[in-house]
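Engineer: In the numbering used here, the protein residues as written are 23 to 364. One structure, pasted below without further comment.
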């Protein structure tokens, strides 16, 4: 056999051995905890691990948290994240801060167009609890963009920084959908949906939207919009009527956001960090970030293949399905705190 065939045979043998190993581990594990321990040896831990960014006192820490990308839950853990924002990992980081009495400040760096309503609200609730229960100051630093849900999670921060060119605002709710019932009619296709009530298929793309459909969906979106406005008003200590004047969905650059009261100051993340240190006497504090404790094996093709075989890492088709479900479909649109909505 030539070299290429030997390589193929070698890969097949390794995969077979890994499959047998995985099956054996699953059979011999007396409970989920034992199997979890084995998987931790293979892949690492999914719990947040501290990484020192700036040396300082272990008794005082500033945690830099990053929200990068659309705020959606793709169903993956931190270990198997495909890059960008990972909701499970981020919520674990907030939970770790809640248990760590040495954390004295948080710098929330945001580069996001917003995202799902539930996940955005869940982040905001957890951040507000940290402020209330642990008296931890939170400074937000907006990078390229912090629009819609990206602004939502920043609104209750003690101070908000943005650059002159940051795109922010887009305060509001959007529910994107399409309707192809006219095309179906031209093609001679009829919607034969059987339903228990007139609104059971509300938002359907295969029948014309009724006046009642539109009224119900608008009321639904308006209710979420009201909560968004209230969150901004409370966080920025503004009147709700004044917030509504700003919250027609339009975007602002950082300079405009400072003028209208949505942002406190112009500055980059390093300047926001310095302000946090100075304002709260934390110049000697250690600055940390969180990472996942993945192993080298986890980062290999074989490690990923074994994880998929065991079912602890979603396959690509499952990942795509999770993302689609989180943002909605033409047949089942979802309300989003998202700039653009496409």
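Built from N, CA and C at the ideal position, the CB exists for glycine as well.
Look at the Cβ atom of residue 194, then the Cβ atom of residue 250, and state whether they are nearer than 8 Å.
Structural biologist: Going by C-beta atoms, residue 194 is nearer than 8 Å to residue 250.
Engineer: Could you check what DSSP says for residue 70 in three-state terms: helix, strand or coil?
Structural biologist: strand
Engineer: Pick out whichever of 267, 291, 198 has its Cα sitting closest to the Cα of residue 132.
Structural biologist: 291
Engineer: Taking the Cβ atom as the reference point for each residue, do residue 206 and residue 179 lie within a distance shorter than 8 Å?
Structural biologist: no
Engineer: For the beta strand (DSSP E) that residue 181 lies in, which residues bound it at each end?
Structural biologist: 181-184
Engineer: In the DSSP assignment, find the unbroken alpha helix (DSSP H) run with residue 357 in it and report its ends.
Structural biologist: Note, residue 357: premise wrong, no alpha helix (DSSP H); not H, not E.
Engineer: So what does residue 308 bridge to, in DSSP terms?
Structural biologist: 83
Engineer: Relative to the alpha-carbon of residue 88, which residue among 358, 282, 212, 164 has its alpha-carbon at the smallest distance?
Structural biologist: Comparing alpha-carbon positions, the option among 358, 282, 212, 164 lying closest to residue 88 turns out to be 164.
Engineer: Leaving out the 5 sequence neighbours to the left and right, which residues in its chain are closer than 7 Å to residue 139 when beta-carbon positions are compared?
Structural biologist: If you ignore the 5 residues before and after residue 139, its C-beta comes within less than 7 Å of the C-beta of 246, 357, 358, 359, all in its own chain and listed in chain order.
Engineer: Are residue 285 and residue 190 close, meaning C-beta to C-beta below 8 Å?
Structural biologist: yes
Engineer: If you draw a straight line from the alpha carbon of residue 272 to that of residue 81, how long is it in whole angstroms?
Structural biologist: 43 Å
Engineer: Confirm, please, whether the CB-CB distance from residue 91 to residue 136 is below 8 Å.
Structural biologist: Not closer than 8 Å, so no.
Engineer: For my contact list, residue 78 and residue 302 are in at a C-beta cut-off of 8 Å; report their separation, rounded to the angstrom.
Structural biologist: Not confirmed; about 13 Å, so no contact.
Engineer: Alpha carbon to alpha carbon, how far is residue 155 from residue 221?
Structural biologist: 43 Å
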